[in-house]
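Trainee:
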Amino acid sequence: EPSPAPTRDAVDLLERRTGAYAPLQEHYYAAPPQIERGWREHLVDTTGRHYVDMVNNVSVLGHGHPEVAATAADQWRRLNTNSRFHYAAVAELSERLLATVPDELDTVLLVNSGSEAVDLALRLTRAFSGREDVLCVTESYHGWTVASDAVSTSTSDNPLAEQTRPGWVHTVELPNAYRGTHRGAGAGEAYARDAVAEIERLSRAGTPIGTWIAEPRNGNAGAIGLADGFLAPVFEAIRAGGGICISDEVQVGYGRQGEWFWGYEEHGVVPDVITMAKAMGNGHPLGAVITRAEIAQALADQGTFFSSSGGSTLSSRIGATVLDVIERDGLQENARIVGAHLKSEVERLAERHPLIGTVHGRGLYLGIELVRDRETLEPAPDETAALCDRMLQLGVVVLPTGDRQNVLKVKPPLCMSRDSVDFFVARLDEALGG
Ligand code: PMP
Numbered sequence: 001e002p003s004p005a006p007t008r009d010a011v012d013l014l015e016r017r018t019g020a021y022a023p024l025q026e027h028y029y030a031a032p033p034q035i036e037r038g039w040r041e042h043l044v045d046t047t048g049r050h051y052v053d054m055v056n057n058v059s060v061l062g063h064g065h066p067e068v069a070a071t072a073a074d075q076w077r078r079l080n081t082n083s084r085f086h087y088a089a090v091a092e093l094s095e096r097l098l099a100t101v102p103d104e105l106d107t108v109l110l111v112n113s114g115s116e117a118v119d120l121a122l123r124l125t126r127a128f129s130g131r132e133d134v135l136c137v138t139e140s141y142h143g144w145t146v147a148s149d150a151v152s153t154s155t156s157d158n159p160l161a162e163q164t165r166p167g168w169v170h171t172v173e174l175p176n177a178y179r180g181t182h183r184g185a186g187a188g189e190a191y192a193r194d195a196v197a198e199i200e201r202l203s204r205a206g207t208p209i210g211t212w213i214a215e216p217r218n219g220n221a222g223a224i225g226l227a228d229g230f231l232a233p234v235f236e237a238i239r240a241g242g243g244i245c246i247s248d249e250v251q252v253g254y255g256r257q258g259e260w261f262w263g264y265e266e267h268g269v270v271p272d273v274i275t276m277a278k279a280m281g282n283g284h285p286l287g288a289v290i291t292r293a294e295i296a297q298a299l300a301d302q303g304t305f306f307s308s309s310g311g312s313t314l315s316s317r318i319g320a321t322v323l324d325v326i327e328r329d330g331l332q333e334n335a336r337i338v339g340a341h342l343k344s345e346v347e348r349l350a351e352r353h354p355l356i357g358t359v360h361g362r363g364l365y366l367g368i369e370l371v372r373d374r375e376t377l378e379p380a381p382d383e384t385a386a387l388c389d390r391m392l393q394l395g396v397v398v399l400p401t402g403d404r405q406n407v408l409k410v411k412p413p414l415c416m417s418r419d420s421v422d423f424f425v426a427r428l429d430e431a432l433g434g
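Heads up, the sequence shown is in the working numbering, so the first residue is 1 and it goes up one at a time.
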């Protein structure tokens, strides 16, 4: 059944929001339903209508998770204080995080968000390399703080992003083997050659790169994997020139891709610094940086680091609970199996619906790219927006992403069931014209 028009109360509330809240941040949909409840991968609006939630990558365990709620209630009653005090939870969470990475990465710093993690990571790499200049890819998003925004080159939020980066930010093209300069087999190596040439050119020009930062799969661009064969030679060239490498795992890490807990694992590299957030707290603000002791020491040599809530008793306990549930309920494995089913079902739809150009991504981080022509790859942003509106009417929350706004972002809670996947695919088929 098509959804009823938003209630009068929901419309009034939207007007109040527009009146009181900064216009900088848009809300989803022109006429959004008022959603006040959620359970697993389902959202419920105030008319009682249910939606399958395909976009909440933060709620990895699902909405309204009782164990996270119980941990939070328990810890709030006992104590919530900061990490200058000595308590078990901060050590426990740090050890749990280190157990997910190779031994050489032996040091954790806890913060409250992805932007903070990226900002801190940049401070660490600059302190260690002694260099200011950073190399990143086009179409990236790394956060809203001054430094994390500086290395965000996506034009979807800021059309002038590429022209307005500070002088210390340098970019190479996102190695997109589907629609970039180099395509198909061998694209990764060709992009790597271009990037290495740029790294060497910058060094000769007197701005040697101290930091490489990229996601191992570009989430904002629509789950675009860095083309095979790209990352290892780039890491090598950055290190040969005296720089170090950050893998921003805020969006695609934490088991979401099914096959790997961390996205860098796909590329056969080990970064010097890893940033994470989102999934860590299932919605409670939590972020972290993992690095090597010598890199943390370089920042310690310049002063101290302290975050009032980063690594608090409450945050640390919630972080450990989230890891417990991911492990106990096999959510990474669920992402692998259910995600593979989802991808192959959408690929089957593509046989009948030429608008679907390709399906990017792995596990439960997918991007369904819509094009008007499979030869020219002309993006289909209007069709994508209309499809999302139609999907909402049909009971699915799914949204456009990317600089061309022509990719459906698919990043649901990791507890996503096969039934919900089948519901999504059937509604997508219907919205595409059956
Ligand atoms: N890095 C990446 C790759 C992200 O996708 C985001 C958020 N979308 C951030 C960093 C910033 O995280 P936060 O919103 O928690 O500050």
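Ideal Cβ positions, reconstructed from N, Cα and C, are used throughout, including at glycine.
Nearest-angstrom Cα distance between Glu67 and Gly434?
Mentor: Here residue 67 refers to the residue found at position 67 of the sequence shown. Here residue 434 refers to the residue found at position 434 of the sequence shown. Glu67 and Gly434: Cα-Cα distance of roughly 40 Å.
Trainee: With a CB to CB cut of under 7 Å and the five nearest residues on each side skipped, what residues in its chain are close to Ile199?
Mentor: Your numbering for residue 199 matches position 199 in the sequence shown. Here the set comprises Leu135, Ile209, Ala237, Ile238, Gly241.
Trainee: Can you give the Cα-Cα distance for Glu132 and Glu259, rounded to whole angstroms?
Mentor: Position 132 of the sequence shown, counted from the start, is the residue given in the question as residue 132. Position 259 of the sequence shown, counted from the start, is the residue given in the question as residue 259. If you take the alpha carbons of Glu132 and Glu259, they lie about 35 Å apart.
Trainee: Pairing CB atoms from the region 333 to 347 with CB atoms from the region 299 to 317, are three or more of them under 8 Å?
Mentor: Flag = no, the region 333 to 347 and the region 299 to 317 do not touch.
Trainee: Can you tell me where the beta strand (DSSP E) with His50 in it begins and where it stops?
Mentor: The residue you call residue 50 lines up with position 50 of the sequence shown. Where His50 is concerned, the enclosing beta strand (DSSP E) stretches over 50 to 53.
Trainee: With a CB to CB cut of under 6 Å and the five nearest residues on each side skipped, what residues in its chain are close to Thr207?
Mentor: Against the sequence shown, residue 207 aligns to sequence position 207. Only Asp133 meet the Cβ criterion.
Trainee: Please look up how many angstroms separate the CB atoms of Thr275 and Ile244, rounded, as I've assumed it's under 8 Å.
Mentor: By one-based count along the sequence shown, residue 275 stands at place 275. By one-based count along the sequence shown, residue 244 stands at place 244. Going by Cβ atoms, the distance from Thr275 to Ile244 rounds to 13 Å, so no, they are not a contact pair.
Trainee: Can Val289 and Leu109 be called in contact, C-beta distance under 8 Å?
Mentor: By 1-based counting over the sequence shown, the position of residue 289 is 289. By 1-based counting over the sequence shown, the position of residue 109 is 109. In contact: Val289 and Leu109 (Cβ atoms closer than 8 Å).
Trainee: Is DSSP giving Val407 helix, strand or coil here?
Mentor: Position 407 of the sequence shown, counting from 1, holds the residue named residue 407. In this structure, Val407 counts as strand in the three-state DSSP scheme.
Trainee: So, for Asn176: in the same chain, excluding its five sequence neighbours on each side, which residues have a beta-carbon less than 6 Å away from its beta-carbon?
Mentor: Residue 176 sits at position 176 when you count from the first residue of the sequence shown. Result list for Asn176: Ile224, in chain order.
Trainee: Considering only DSSP beta bridges, list what Trp212 is partnered with.
Mentor: Translated into the one-based positions of the sequence shown, residue 212 becomes position 212. According to DSSP, Trp212 bridges with Leu135, Cys245.
Trainee: Counting along the chain, where does the beta strand (DSSP E) carrying Tyr191 start and finish?
Mentor: In the sequence shown, the residue the question calls residue 191 occupies position 191. From DSSP, Tyr191 is part of no beta strand (DSSP E) but of the alpha helix (DSSP H) over 187 to 204.
Trainee: For the beta strand (DSSP E) that His42 lies in, which residues bound it at each end?
Mentor: In the sequence shown, the residue the question calls residue 42 occupies position 42. Run containing His42: 42 to 45, per the beta strand (DSSP E) assignment.
Trainee: According to DSSP, simplified to helix, strand and coil, what is His267?
Mentor: Position 267 of the sequence shown, counting from 1, holds the residue named residue 267. It is helical.
Trainee: Can you name the residues that DSSP bridges to Asn218?
Mentor: Counting from one through the sequence shown, the residue named residue 218 turns up at place 218. Asn218 is bridged to Ile224.
Trainee: I need the boundaries of the alpha helix (DSSP H) containing Ala320, first residue and last residue.
Mentor: In the sequence shown, counting from the first residue as 1, residue 320 sits at position 320. Per DSSP, Ala320 belongs to the alpha helix (DSSP H) from 313 to 328.
Trainee: Going by DSSP, what residue range makes up the beta strand (DSSP E) through Glu36?
Mentor: Working through the sequence shown from its first residue, we reach residue 36 at position 36. Glu36 -> beta strand (DSSP E) spans 35 to 39.
Trainee: Restricting to Cα atoms, I'd like to know which of Val151, Ser156, Tyr178 is closest to Pro166.
Mentor: Residue mapping note: residue 166 aligns to position 166 of the sequence shown, counting from 1. Ranking Val151, Ser156, Tyr178 by Cα distance to Pro166 puts Val151 first.
Trainee: Which complete beta strand (DSSP E) runs does the region 98 to 179 hold, if anything under 3 residues is left out?
Mentor: The qualifying runs are 107 to 111, 134 to 137, 169 to 172.
Trainee: For Val359, tell me which candidate among Ala72, Gln251, Arg427, Ile368 has the shortest Cα-Cα distance.
Mentor: Counting from one through the sequence shown, the residue named residue 359 turns up at place 359. Selected option, being the one with the closest Cα: Ile368.
Trainee: With distances taken Cα to Cα, identify the nearest neighbour of Pro379 among Thr291, Ala221, Glu162.
Mentor: Translated into positions along the sequence shown, residue 379 becomes position 379. Minimum Cα distance to Pro379 is reached at Ala221.
Trainee: Quick one, are the C-beta atoms of Arg179 and Tyr365 less than 8 Å apart?
Mentor: What you label residue 179 is simply residue 179 of the sequence shown in a count that begins at 1. What you label residue 365 is simply residue 365 of the sequence shown in a count that begins at 1. No, they are not a contact pair.
Trainee: Check whether the Cβ atoms of Pro102 and Val270 lie closer than 8 Å to each other.
Mentor: Taking the first residue of the sequence shown as 1, we reach residue 102 at position 102. Taking the first residue of the sequence shown as 1, we reach residue 270 at position 270. Taking 8 Å as the Cβ cut-off, Pro102 and Val270 qualify as a contacting pair.
Trainee: At which residues does the beta strand (DSSP E) containing Leu399 begin and terminate?
Mentor: Counting from 1 along the sequence shown, the entry for residue 399 is found at position 399. Its beta strand (DSSP E) spans residues 399 to 401.
Trainee: Which full runs of the beta strand (DSSP E) of 3+ residues lie inside the region 265 to 304, going along the chain?
Mentor: You should have 273 to 276, 287 to 291.
Trainee: Is the beta carbon of Tyr28 within less than 7 Å of some heavy atom of ligand 1?
Mentor: Reading the sequence shown from its first residue, position 28 is the one you call residue 28. For ligand 1, not one heavy atom lies less than 7 Å from the Cβ of Tyr28.
Trainee: Straight-line CA distance for Phe261 to Pro381?
Mentor: Translated into positions along the sequence shown, residue 261 becomes position 261. Translated into positions along the sequence shown, residue 381 becomes position 381. Cα-Cα distance, rounded: 32 Å.
Trainee: Give me, in chain order, the residues of the same chain whose beta-carbon lies closer than 6 Å to that of Val58; leave out the 5 immediate sequence neighbours on both sides.
Mentor: Within the sequence shown, the letter at position 58 stands for residue 58. For Val58, where only same-chain residues beyond five positions count, the Cβ hits under 6 Å are Lys278, Gly283.
Trainee: Do His468 and ligand 1 come close, with the Cβ less than 7 Å from some heavy atom?
Mentor: For the chain, the structure presents residues 1 to 434; residue 468 sits outside this window and is missing.
Trainee: Is the beta carbon of Asp106 closer than 8 Å to that of Arg292?
Mentor: On the sequence shown, position 292 is the one that residue 292 refers to. On the sequence shown, position 106 is the one that residue 106 refers to. Contact: yes.
Trainee: Check the DSSP bridge columns for Tyr365 and list the partner residues they point to.
Mentor: Residue mapping note: residue 365 aligns to position 365 of the sequence shown, counting from 1. Arg362, per the DSSP bridge assignment.
Trainee: Using the C-alpha atoms, what's the distance from Leu202 back to Pro285?
Mentor: Counting from one through the sequence shown, the residue named residue 285 turns up at place 285. Counting from one through the sequence shown, the residue named residue 202 turns up at place 202. Computed Cα separation, rounded: 37 Å.
Trainee: Which word fits Ala22, buried or exposed, when buried means at least 16 other C-beta atoms lie within 10 angstroms of its C-beta?
Mentor: Walking along the sequence shown from the start, residue 22 turns up at place 22. Ala22 should be labelled exposed.
Trainee: I'd like to know if the region 112 to 130 and the region 317 to 329 are in contact, where contact means that at least 3 CB-CB pairs between them fall below 8 Å.
Mentor: The region 112 to 130 is not in contact with the region 317 to 329.
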